[in-house]
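Chains A and B, in that order, give the protein sequences.
Take 164 as the starting number for the first sequence in my numbering and just add one per residue.
Take -5 as the starting number for the second sequence in my numbering and just add one per residue.
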Amino acid sequence: MIEVILTARDLSIGYKRGRGTPRVVARNFDVSLDAGDFVCLLGPNGAGKSTLLRTLAGMQPPLNGHVHIAGRDIAEMSATEVAQVLSVVLTDRVSVGTMTVRDLVGLGRHPHTDWIGRFATEDEQAVSWAIRAARAEDLEHRNVAELSDGERQRVMIARALAQQPDLMILDEPTAFLDLPRRIEIMALLRGLAHTTRKAILLSTHDLDLALRCADRIYLLPSEGALQTGAPEDLVLNGAFEGAFGSDGVRFNADTGAFRMTPETGRATVALTGRGRRAYWTKRALERAGFRVDDVESVCRVDVVDGTNGSWRFERGESTRIFHSIYDLISALKVEIGIDTAAQSGITG
Amino acid sequence: MKSASEVEARGGPRRAMILPGLFLLLLVAFGLSLSLGSVRIPLSGLFDILMGGEPASPAWSIIIHTIRLPKAITGVLAGAALAVSGLQMQTLFRNPLADPFVLGISAGASLGVAIVVLAAGAVGSALIAGLGFLGDLGLAVAAILGAAAVLGGVLLVSRSVSSVMTLLILGLMFGYATAAFVSILIYFSVPEQIQSYILWTFGSFGGVTWRQVPVLAGAILLGLLLALLCIKPLNALLLGENYARSMGLNVKRARLWILVSASVLAGATTAFCGPIAFLGLAVPHLCRSLLHTSDHRVLMPAVICLGATLALLSDLFAHLPGSQYVLPLNAVTSLIGAPVVIWFILHRKNLNRTF
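See below:
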């Protein structure tokens, strides 16, 4: 049986601006989160991802509709009651001064402890569990100020876990991290959702990563309604292209990746060769703005295999040999760039 | 605090040693401040007097009872109050340079005193000088009124201001404006009045009589009780207001109580002892550095002990034991305190990590 953690019906979100008409970010949509759901919220900058997260977390009232967590309207719960079922990881830079990781994670027990913040055995156990679950055991006795960004994010996740929520909401937890660390954090969160049966909702700009690991995607376009579904559904129905495509960017539904629209105006180059070396040569040529084709052309590049592979560039009668892609591209830019300009001058 | 043993167990043996050590240091400082002064009273005599016995010299009994005991008690109360108030302000404003007086509490108190001493001086400085006890209490009342006016203004503003940074800047501006008033008053005053005002700004624990001690103690114990209730909110606020709110804290209400607590502590102290600089700023830093923690459950008892100890020791230095001279207390706290803190922080190389 599926246990529903969060539901919202007919929700409209946005900001009230003084007495004027409120700025509506998105209107009249439904969302739900089940136990064990790992959901990524995607959308271009300024679409209102943070507003949606803040509304679902009860940090900001919806313009219309109600958010229910564990069957209760969040607007009617006390702040402590909400904190016992929902925890957050924000983008706020935290500087707690001198404090060990364990003490910082312990701050997450706030909604469970008495008036002076005394720890009972179960609080200590919850902190230990949270540190283990976030795989931060080796950081436990380190000073928070000494942590790297990736370690710090891990610790903030542990703090949110120590709150023992049913639902965790994270605002761009992978921002400022390098690619391996992003994958680590996403894998960690997905594992937590699946093993602990918590619902985890996070916003991110890592489309590729989100497509690969989310159970469900919330897609919030700049204008228009929130769309939800499995990542693959949203690729197939064109929602991704609609939300993110623009002049300089193309979403390739075959590979599920975004590509820069190539620079235009350079000549066609015929490429011969096969294997990995040819693949990367093709990428390099395309990056530099050449059209790559295998038909006959004035310019030909042959990929010469061998232990120290090289590239042979033929144009008309002249032939040159290059030993790195960088040299090849640099020379091509100079020669063909001028050449095409000259030709167009003559013919035009 | 019942949780002390648990907290110590979590902090390891080091932390378990430091808290009782600080308390012991406080007891020693208290004993020293009773024993040393222009007349040195040996420990045996001190013990006799405190136990109600007859000391070797009857003069000792008078010295202890009328001068040194109220002064030492005042020192303990004032030191603890300023240190706790400073700790609260530093955490609330997330600013290592914050102290009990950032919101203009001392400026308000000094305006009250300045009005009594300088403006009322139109009646004649002899009157103020001749008032004796009543004059002393008059100063305290004026200072309390001044501090309370500023406190009221700050609390009123804090209800409508959403950012603590705005509040901090408003407090600073309020301080400047008040200081300007005071300097205008000084400009139109005669030297005798100015001198008695300046004497007040030097700070002293000696001006508090037995009849005033209960008032001061009551106010400060009230402030400390409130501070105890603020420990948990302060810990949550270490993560910033957004996180604190997400953990169920009512940030505006917590901020209000922290301000009330810190202001009562700083206001009462300033009213009776003058604006004592430095302790409120330095003691929290020293304690964080000593205990390697920002946890207020540990820091609160630590700053109380260390604040009281340093207040007593500063007063001891100010009285230059064995001589008849007394230095201004404020000069001592800063002259001795500043190099100590500089050495301490540079030596530990953890200035950015202490906060």
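Backbone N, C-alpha and C define an ideal beta-carbon position, used for all residues, glycine too.
Excluding residues up to 5 positions away in sequence, nothing lies with its Cβ nearer than 6 Å to the Cβ of Ser487 of chain A in the same chain. Under the three-state reduction of DSSP output, Trp337 of chain B falls in the helix class.
Closer than 9 Å at the C-beta level to chain A, one finds these residues of the region 278 to 295 of chain B: Arg282, Ser283, Leu285, His286, Thr287, Ser288, Asp289, His290, Arg291. Linking Ile484 of chain A to Trp474 of chain A through their CA atoms gives a straight-line distance of about 6 Å. In this structure, B:Lys65 is the residue among B:Lys65, B:Arg239, B:Pro36 with its C-alpha nearest to the C-alpha of Phe266 of chain B.
Beyond the five residues adjoining it in sequence on each side, Gly261 of chain B comes within less than 7 Å, by CB distance, of Ile99, Ala103, Ile138, Ala141, Ala142, Leu145 in the same chain, given in chain order. At a cut-off of 4 residues, the continuous stretches assigned as alpha helix (DSSP H) that sit fully inside the region 28 to 77 of chain B are 37 to 44, 52 to 56. Secondary structure at Arg186 of chain A: strand, using DSSP grouped into helix, strand and coil. Of all alpha-carbon atoms in B:Arg247, B:Ser255, B:Gly147, B:Gly301, the one lying nearest the alpha-carbon of Leu215 of chain B is that of B:Ser255. Contact note: Ile225 of chain B reaches chain A through Ile279, Gly280, using a C-beta cutoff of 7 Å and chain order. Close to chain B, meaning a Cβ-Cβ distance shorter than 7 Å, are the following residues of the region 255 to 268 of chain A: Asp255, Val257, Val259, Gly260, Thr261, Met262, Asp266. Leaving aside the five residues that flank Pro227 of chain B on each side, the residues in its chain whose CB is nearer than 6 Å to its CB run, in chain order, Leu243, Ala248. Using a Cβ distance threshold of 8 Å, Gly221 of chain A and Val187 of chain A do not count as a contacting pair.
Ranking B:Met294, B:Val207, B:Leu285, B:Ser152 by CA distance to the CA of Gly165 of chain B puts B:Ser152 first.
Considering only B:Ser32, B:Pro52, B:Val258, the residue with the shortest C-alpha distance to Gly39 of chain B is B:Pro52. If you draw a 10 Å sphere on the C-beta of Trp278 of chain A, you find fewer than 16 other C-beta atoms in it, and that means exposed.
Put simply, the CB of Ser190 of chain B is far from chain A, with every gap to its CB atoms at 8 Å or more. Secondary structure note for Ala211 of chain B: its alpha helix (DSSP H) is the uninterrupted segment 207 to 223. Annotation for Gly274 of chain B: the continuous alpha helix (DSSP H) segment containing it runs 273 to 285. Straight-line measurement puts the Cα of Leu97 of chain B at about 36 Å from the Cα of Gly177 of chain A. Taking CB atoms only, Gly80 of chain B has no neighbour in chain A less than 8 Å away. When DSSP reads this structure, Val254 of chain B sits in no beta bridge, so it has no partner. In the three-state reduction of the DSSP assignment, Phe476 of chain A falls in the strand class, which pools E and B. Apart from the 5 residues on each side of it in sequence, Ala23 of chain B sits with its Cβ closer than 6 Å to the Cβ of Thr303, Leu306, Leu307 in its chain, given in chain order. Relative to Ile192 of chain B, the option among B:Ser55, B:Gly268, B:Ala230 whose CA is nearest is B:Gly268. In terms of Cβ geometry, Val466 of chain A and Gly436 of chain A form a close pair [threshold 8 Å].
If one requires a minimum length of 3 residues, the beta strand (DSSP E) runs lying completely within the region 307 to 361 of chain A are 330 to 334, in chain order.
Between the alpha carbons of Ala210 of chain A and Asn191 of chain A lies a gap of roughly 15 Å. Here Tyr319 of chain B is exposed: its Cβ has fewer than 16 other Cβ atoms, across all protein chains shown, within 10 Å. At least 8 Å separates the CB of Leu300 of chain B from every CB of chain A. Going by DSSP, Ser481 of chain A is part of the beta strand (DSSP E) stretching over 481 to 485. Just so you know, the alpha carbons of Leu370 of chain A and Gly387 of chain A end up roughly 19 Å apart. Burial check for Ser250 of chain A: the Cβ neighbour count within 10 Å reaches 16 or more, so the residue is buried. Using a Cβ-Cβ distance cut-off of 8 Å, the region 71 to 90 of chain B and the region 273 to 285 of chain B are in contact, since at least three pairs of beta carbons, one from each stretch, lie closer than that value. With respect to Ala447 of chain A, Ile492 of chain A sits close: the two C-beta atoms are nearer than 8 Å.
Of all residues in the region 359 to 381 of chain A, none comes within less than 8 Å of chain B when Cβ atoms are compared.
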